[in-house]
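Residue numbers (the working numbering): 1 to 210.
The beta-carbon is built from N, C-alpha and C at its ideal position, and this holds for glycine as well.
As structure tokens, the structure follows; a few thoughts come after it.
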């Protein structure tokens, strides 16, 4: 038996295993803490969505972090404009027109960042893009001014995480690929309630030839 267990006996090994499990549990925020600052959104939103390969890669990262942290899962996207209260038919028509007159966008990641903000806990920020700026201006002109100042980013983690956890995630994610990301679709999303309640309403390819 000693040869199978090693120098430590079964009781010592069990104690070490229990201690390790406690440390793991203590490093994962409780659901109450993670969702403490969640604000239920309302209305419709326009999302820019990456092409399939990038969407799968970013989606896998978001899902992996959500499982580890107990945070919400969501599809990778850049919110072009949100909180829209106009009729769905009108918003859909505007989105279709914007998509037809816009070529796929290639955005360059600038940095991985973090904020004490539920929907921007950890994110990928992009370099300034004139094409994205023009698309955003056209959307605002057609649908009205947005409630918030535009910040071109793709969230990687939603949740109320403490500063130390956010900084640790940023340090780890900063080592991953910084290749440009191509956005090929514009989606109309019903962003009512919590992220798990959000629903896709319509999707349009960015189809103008560059």
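C-alpha of residue 87 to C-alpha of residue 43: approximately 10 Å in a straight line.
Of 96, 65 and 134, the smallest CA-CA separation from residue 205 is found for 96. The straight-line gap separating the alpha-carbon atoms of residue 177 and residue 112 is approximately 11 Å. For residue 144, the three-state secondary structure derived from DSSP is coil.
Less than 8 Å separates the beta-carbon of residue 132 from that of residue 107. For residue 90, the enclosing alpha helix (DSSP H) stretches over residues 88-100.
Per the coordinates, the alpha-carbon of residue 134 lies some 13 Å from the alpha-carbon of residue 152. In this structure, residue 63 keeps its C-beta atom at 8 Å or more from the C-beta atom of residue 208. Scanning its chain for C-beta atoms nearer than 7 Å, with the 5 sequence neighbours on each side dropped, one finds around residue 143 the residues 81, 84, 86, 91 and 94, in chain order. Around residue 137, the same chain offers no residue with a beta carbon nearer than 6 Å, after the five sequence neighbours per side are excluded.
Scanning its chain for C-beta atoms nearer than 6 Å, with the 5 sequence neighbours on each side dropped, one finds around residue 125 the residues 110, 111, 113 and 153, in chain order. Taking residue 156 as the centre and dropping the five residues before and after it, the same chain places the C-beta of 61, 62, 65, 122, 123, 124 and 173 closer than 7 Å to its C-beta, in chain order.
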